[in-house]
Structures are given as C-alpha cells and as structure tokens.
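The structure under discussion appears below in the form of structure tokens.
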Amino acid sequence: MNISGFEFPEELLYDEEKHVWIKKEKNNVISIGITSLGQYMAGKIFQVSTKEVGEKVTPKSTLFSIESAKWVGKFRLPITGEIIAVNENVIKDPSIINEKPYDAWIIKVRVESIDERRFKTINEAYEKFKEEAEKVVK
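In terms of my numbering, the sequence shown opens at residue 79 and continues consecutively.
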C-alpha cells in the first residue's frame, strides 16, 4: 500500500510509534526492520548496532539502534525471545535500509512472547502513518 509516496507491504505488521515492521516467519521467528517512512525521517543511516546472536531479549532490551546524521534511535519492542540472526549486510552497509527498507531486515528473533496489540496491519495503521507522512513531506 502506498501512503503519501511511502510503501507499506500489506503482508507485514507495523509498530506505529517506532516505525518498525515485523514479518512473521516459521517456528515463531520474526524478522524486524524499519519502515520506508521511518528511514526517510531518520535520514541517511550510517550505523546499525544490534544485540548478538544467542542473546535473550525482553521488552526492556534494546534490540538494535540506528544512527543517522540527525538522529540516534534505540529500538525496544514488546517481545521476549532470543536473537537468532543479525543481517551482517546491514551492519556493513547501513545505507541498504535507506535504499530498500523492506529487504533490509535487521534482526530475527525466535519469539517466546509478543504483545501483538502493539503491531498493526497497514489498514489499521493507515491513518497514523498518513498523518506522519504528511508532516514530513511538504
């Protein structure tokens, strides 16, 4: 779905506050990345830091952080589980997030528990993303 020039694939779920997408995979695994709008708001991303593979995470854990010229963001999500993969391509070349945000997953987590109320379909998140997109694109 296109919202004010930003793509939001319909098969993903979204955290409206953090501008994060999640993709449900097999065996309770989710991939996590940044939305098209989120990367645009951050600007050119030059560093991504993540937890290590094998580390346990809770809703209080910083799963990853992103640095751009105008912003540093630490991402915590209502998830309990274990990091099972880190996208080394994104670590080496964070600009991939700016170029192809939905191909550039950052981490994969095997989920033990997740607060699914926080993650919305694009139809549920449409109004919030539209409002934000209209603020940043003049």
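Think of the CB as a built atom: it goes at the ideal place given N, C-alpha and C, for glycine as much as any other residue. Predicted model only: the values in this text are computed from it and were never measured.
Here Ile175 carries a helix assignment [DSSP, helix/strand/coil].
Rounded to whole angstroms, the Cβ separation of Phe197 and Phe86 is 13 Å, and the two are not in contact under 8 Å.
Judged by DSSP in its simplified three-state form, Val189 adopts strand.
The beta carbon of Pro172 lies closer than 7 Å to those of Ile123, Phe124, Gln125, Val126 in the same chain, with the five residues before and after it left out.
Here the C-alpha atom of Glu210 lies approximately 14 Å from the C-alpha atom of Tyr92. Apart from sequence neighbours up to five positions away, the residues of its chain that approach Lys152 with a beta-carbon distance below 6 Å are Thr140, Ser143, ordered along the chain. For Gly132, same chain residues with a beta-carbon under 6 Å away, outside a window of 5 residues either side, do not exist. With a cutoff of 9 Å on beta-carbon distance, Glu190 and Asn106 are scored as near each other. The beta carbon of Ala147 lies closer than 8 Å to those of Gly121, Lys122, Phe124 in the same chain, with the five residues before and after it left out. The criterion of a C-beta distance shorter than 9 Å is not satisfied by Gly159 and Lys178.
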